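*Asks:*
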């Protein structure tokens with residue numbers, strides 16, 4: 049195999065990797081999953097990566113503006129609370145939990 053054939057194969061593999069990675073990324077974003085992770089899976093596995101993105105379960109929805117999602121320590125119920133709230137009562141089991149610390153850098157826009 050000469051250099052031009054090897055170069056053509058390399059660019060074909062790169063083209064199909066980017067194509068399948070981009071399709072996986074788009075599907076993952078709509079399902080609120082990790083777009084970068086699914087791009088990598090699609091890039092490396094091709095059609096199997098796209099299939100993995102299609103069959104992946106949807107992620108949890110983002111909390112509304114000014115809120116953050118917390119999970120109860122007792123019953124694992126997920127709920128939204130204000131960002132600066134010190135403690136909260138679980139809607140399901142009524143346990144009063146301290147709020148986990150927030151990451152202030154995460155909310156800077």
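Numbering (my numbering), first residue to last: 49 to 157. By construction, the Cβ of each residue, glycine as well, lies at the ideal position given by its N, Cα and C atoms. These numbers come from a predicted model, not from an experiment.
1. Would you check if there are 3 or more beta carbon pairs closer than 8 Å linking the stretch 86-101 to the stretch 112-122?
2. Span of the beta strand (DSSP E) holding residue 83?
3. Are the Cβ atoms of residue 68 and residue 90 separated by less than 8 Å?
4. Have a look at residue 83 and residue 104 and give me their C-alpha separation to the nearest angstrom.
5. Looking at C-alpha atoms only, which residue of 109, 145, 107 is the closest neighbour of residue 122?
6. Who are the Cβ neighbours of residue 95 in its own chain at under 7 Å, not counting the five residues just before and after it?
*Replies:* The structure says:
1. no
2. That residue, residue 83, is in no beta strand (DSSP E); its alpha helix (DSSP H) goes 83-93.
3. yes
4. 12 Å
5. 145
6. 68
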